[in-house]
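**Student:** Quick one: the structure is below, and I'll ask about it shortly.
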Amino acid sequence: MFSRFYPAEMAESSYDIDYEGLYKKGYRGLIYDIDNTLVEHGNDANEEVIELFRRLRKIGFRICLLSNNKAPRVRRFYRGVSVKGVRLHYIFNAHKPSRKNYRRAMLVMGTTKKNTLFIGDQLFTDVYGANRTGIRSFLVKPINKREEIQIVLKRPLEKIVLFFFRKDRLNRLKNTNLVLIGFMGTPKAEVGRKLAASYGYNFIDTDRLIEEKMGMTVPEIVAKKGEDYFRDLETIVLKELALKGKQNVIATGGGMPMRNKNQKLLRKLGYVICLGIEPKHAEERVKDAPYRALLPEDGKQLERMVTERMFVYRMIAHHVIAVDDLSEDEIVGEVERCM
Ligand SMILES: [Mg+2]
């Protein structure tokens, strides 16, 4: 009923989207709403925006601002970015959700419906317009809490649409598995169990599965048979899970996604969600982990390991959640929101 307002994806913020991954998938053009999407309503471009756009340009994206706001406001914002040497386009008085200026944005960027993405904070203008034009859209949480009155009035309606959106997504989920990846010490199993309970799915922990099969703990397997042997077991388990059907929540070992073969198997298995952490928080996370002995003792080495792994996790995950400041229940909420 409301599907024409549904975003293709939802993200915590414009700054929290896996742009590298999207570029790899073939996307080349990014159209941005400005107010509450990039900065608080009416604010000038800040360091964060400039840094983001610089990064996006470096990846290879073309960027166009598309705002319903008036010329002086949009130009001021545009200048704030362009004086820093970052190239982008802008369109003011866009009349979103009218299709006309989404098309113009693609024309100035030289991109197509297939390789362009739209990022905005409102359903009935931003996302609806993108959908009408045939462009994939990201809905982000509005930056500003103090919003203009005409936007505030629309928020309750947005909530209703988003309720149906999530419900529909859950129904689609019936045909898939949910796969949680992340570094040792992230609450993959705890969150996985809660998600399984809320969806009525089975919960599977690959480490436990291997331990049951072998009658040994993971550290024992690694100590007795070596890490390669353990990784082989992980690959076998993934292949078995592929035959197990759908509606499982699967928590994986932190090292599992590092093997090329496993990456493909994980993606095949279902919707992959990464519980992401900052490398500097790794030590704190793993200090009580039962497999702590399998990790480097040196703090710097540990951080390097997390950085490397996060790079791979990001590549294969459909969605990344930054979990450093979140409780288990908040992570569950984030997963449900992104599904
Ligand atoms: Mg906006």
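In this text, residue positions in the sequence shown follow my numbering: the first is 797, and each later residue adds one.
Note that the Cβ used here is the ideal one computed from N, Cα and C, for glycine as well.
Bear in mind that the values here come from a model prediction, so they are computed numbers and not experimental data.
1. Starting from V1014, trace the alpha helix (DSSP H) in both directions and tell me its first and last residue.
2. Would you decide whether N967 is buried or exposed? Buried here means 16 or more other CB atoms lie within 10 Å of its CB.
3. At a threshold of 6 Å, does D831 count as lining ligand 1 (C-beta to nearest heavy atom)?
4. Consider the C-beta atom of D917 and the heavy atoms of ligand 1; say whether any pair is separated by less than 6 Å.
5. Pick out the complete beta strand (DSSP E) segments inside the segment 913 to 978, 3 residues or longer, and give them in chain order.
6. Would you kindly report the start and end of the unbroken alpha helix (DSSP H) that includes L1098?
7. With a cut-off of 8 Å on the beta carbons, I'd call I827 and Y924 a contact; round off their distance for me.
8. For the segment 1069 to 1081 against the segment 1017 to 1031, are there 3 or more C-beta pairs whose distance is under 8 Å?
9. Can you give me the C-alpha to C-alpha distance between V1131 and V1045, rounded to a whole angstrom?
10. Give the range of the beta strand (DSSP E) segment to which V835 is assigned.
11. Going along the chain, which residues of its own chain have a beta-carbon closer than 6 Å to the beta-carbon of Q1043, five neighbours each way excluded?
12. Of the residues C1134, F801, I1127, which one's Cα is nearest the Cα of R989?
13. In whole angstroms, give me the CA-to-CA distance for G822 and R932.
14. Taking L1098 and E1079 to be in contact with their CB atoms under 8 Å, please state how far apart those CB atoms are, rounded to whole angstroms.
15. For H885, which residues of its own chain have a beta-carbon under 8 Å away from its beta-carbon, when the five flanking residues on both sides are left out?
16. Would you kindly work out how many angstroms separate the C-alpha atoms of N1056 and D1001, rounded to a whole number?
17. Quick one: what's got a C-beta closer than 6 Å to G1050's C-beta in the same chain, skipping five residues either side?
18. Please state the DSSP three-state secondary structure of D1001.
19. Do V870 and S863 have their CB atoms nearer than 7 Å?
20. What ranges does the beta strand (DSSP E) occupy inside the segment 852 to 918, keeping only unbroken runs of at least 3 residues that lie completely in it?
21. List the endpoints of the continuous alpha helix (DSSP H) containing Y1067.
22. Does the Cβ-Cβ distance between G825 and T907 come in under 7 Å?
23. Hey, out of G817, K1035, P803, whose CA is closest to I915's CA?
24. Between which two residues does the alpha helix (DSSP H) carrying L1091 extend?
25. With a threshold of 6 Å (Cβ to nearest heavy atom), would N832 be considered close to ligand 2?
26. When you compare each of E844, L848, G1129 to L991 by their alpha carbons, which one comes out closest?
27. Could you give the DSSP three-state label for N842: helix, strand or coil?
28. What residue range is occupied by the uninterrupted beta strand (DSSP E) comprising E816?
29. Starting from G825, follow the beta strand (DSSP E) in both directions and report where the run begins and ends.
30. Which whole-angstrom value is the C-beta distance of I855 and Y815, which I expect to be below 8 Å?
31. Do the CB positions of V748 and D1003 come within less than 7 Å of each other?
32. T972 and G1066: beta carbons closer than 7 Å?
33. Whose C-beta lies closer than 6 Å to the C-beta of F961 among residues of the same chain, with five residues either side of it excluded?
34. For H1114 and E805, I'd like the C-alpha separation in whole angstroms.
**Tutor:** So, from the data block:
1. 1014 to 1021
2. exposed
3. yes
4. yes
5. 932 to 936, 974 to 978
6. 1095 to 1112
7. Wrong, their Cβ atoms sit about 14 Å apart, outside the cutoff.
8. no
9. 12 Å
10. Per DSSP, V835 belongs to no beta strand (DSSP E) and is neither H nor E.
11. Y997
12. I1127
13. 13 Å
14. 6 Å
15. R858, I859, C860, L861, A901, V904, M905
16. 20 Å
17. F979, M980
18. strand
19. yes
20. 858 to 862, 885 to 887, 912 to 916
21. From DSSP, Y1067 is part of no alpha helix (DSSP H) but of the beta strand (DSSP E) over 1067 to 1072.
22. yes
23. P803
24. Element bounds for L1091: n/a, residue is neither H nor E.
25. Ligand 2 is not part of this structure, which contains only ligand 1.
26. G1129
27. coil
28. Careful: E816 lies outside any beta strand (DSSP E), inside the alpha helix (DSSP H) at 815 to 820.
29. 825 to 828
30. 6 Å
31. Because the chain spans 797 through 1135 in this model, residue 748 falls outside it and cannot be assessed.
32. yes
33. Y802
34. 10 Å
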